[in-house]
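Data block below; observations after.
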Amino acid sequence: MSTIPEVTVTHDDTMPNIDAAALRQPDRAALAAPGDPGHPPRILLLYGSLRETSYSRGVAEEGARVLRALGCETRFFDPHGLPQVDDHGVDAEHEKVAELRDLALWSEGMVWSSPERHGAMSGLMKTQIDWLPLAPIGGVRPTQGKTLALCQVSGGSQSFNAVNQMRILGRWMRMVTIPNQSSVPKAWGEFEAGRMRPSPLYNRIVDVMEELTRFTWMARGRKDMLVDRYSERVESLEEVHTRVNS
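Everything in the sequence shown is counted per the numbering used here, starting at 1002 for the first residue and increasing by one.
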């Protein structure tokens, strides 16, 4: 297993667009499960573009600032160098694949932020998701029961194609995909010097991160109860591996 790098993409945690008095901290006493581990919620952020000026990364960075202000710990995965799934000779031992899977195991919730390309999420975003296995690693499923928030950016008018696609994938991977989501149209006009301008679109990102934080507090510590299935209780681990990997 690789060592999880403590890498943060963001340059600072200033939030000039935030009304601090209106930002609502989660009610941890009401939300946390009995025996909650008590550490800050662990959120992994994935973005779907390698461009130097990446608006999907910019949205994720803005979201991470809000998450940290709400008491979460955030980590990013840098997708540079991630191979294609099913590349000849590439497997889970590849350095970037192992890093991504370790981060997924570390996390208790995720943010997926993708550009919309040809009416869909980017290929890079799908590649990252495809490298997250459904079968258990060391007896632990990397995504099952974890929370998920979805964001997309578009170069043109507002669309929800990418977030709708990712929502299907999140459900398929048995994640607790929160109801709220963010779609930023004409993203090139929403950023200045690497930061989002104040707008209702920015406020929606804050909404999504508040909701993700609350759902993560509620879901962690209750995951085994929430995702327990009769069909799996009567199926052996070996049978699960055979079915999922076939």
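In this text, a Cβ means the ideal position worked out from N, Cα and C, and glycines have one as well. Quick caveat, the model's predicted, so the values are computed rather than measured.
- Per DSSP, the beta bridge partners of residue 1149 are 1111, 1178.
- Residue state for residue 1121 is assigned as strand, using DSSP reduced to three classes.
- In terms of Cα proximity to residue 1034, the closest of 1042, 1054, 1220 is 1220.
- The beta carbon of residue 1050 lies closer than 7 angstroms to those of 1057, 1058, 1116, 1123, 1125 in the same chain, with the five residues before and after it left out.
- Judged by beta-carbon spacing, residue 1041 lies within the 8 angstroms limit of residue 1074, meaning their Cβ atoms are closer than that value.
- With a 10 Å radius around the Cβ and a threshold of 16 neighbouring Cβ atoms, residue 1218 comes out buried.
- Rounded to the nearest angstrom, the Cβ distance from residue 1047 to residue 1182 is 15 angstroms, too far for a contact under 8 angstroms.
- Residue 1211 sits close to residue 1025, with the two beta carbons spaced by under 8 angstroms.
- Remark: C-beta atoms of residue 1152 and residue 1114 approach each other more closely than 8 angstroms.
- One thing to note: residue 1188 has its Cβ within 8 angstroms of the Cβ of residue 1155.
- DSSP places residue 1086 in the coil class of the three-state scheme, outside both helix and strand.
- With distances taken between CA atoms, residue 1209 lies nearest to 1185 out of 1013, 1175, 1185.
- Rounded to the nearest whole angstrom, the CA to CA distance from residue 1201 to residue 1150 is 18 angstroms.
- Counting only runs that start and end inside the region 1184 to 1214, there is no beta strand (DSSP E) element of at least 3 residues.
- Note on geometry: alpha-carbon atoms of residue 1083 and residue 1077 lie some 14 angstroms from one another.
- As summarised for the region 1006 to 1059, the continuous beta strand (DSSP E) elements at least 3 residues long and confined to that stretch are 1043 to 1048, given in chain order.
- Exclusion of the five residues before and after residue 1097 leaves 1082, 1083 as the residues of its chain whose Cβ lies within less than 6 angstroms of its Cβ.
- With a threshold of 16 other beta carbon atoms within 10 Å, residue 1231 falls short and is exposed.
- Annotation for residue 1233: the continuous alpha helix (DSSP H) segment containing it runs 1231 to 1234.
- Ranking 1169, 1216, 1066 by CA distance to the CA of residue 1146 puts 1216 first.
- Under a 10 Å Cβ-count criterion, residue 1038 is classified as exposed, with fewer than 16 other Cβ atoms of the shown protein chains found around its own Cβ.
- Taking the CA atoms as reference points, residue 1228 sits about 36 angstroms from residue 1022.
- By the CB criterion at 8 angstroms, residue 1027 and residue 1243 fall outside the cutoff.
- Counting along the chain, residue 1172 sits inside the alpha helix (DSSP H) bounded by residues 1162 to 1173.
- By the neighbour-count criterion, in which a residue is buried when 16 or more other Cβ atoms sit within 10 angstroms of its Cβ, residue 1158 is exposed.
- The C-beta of residue 1105 has 16 or more other C-beta atoms within 10 Å across all chains shown, which makes the residue buried.
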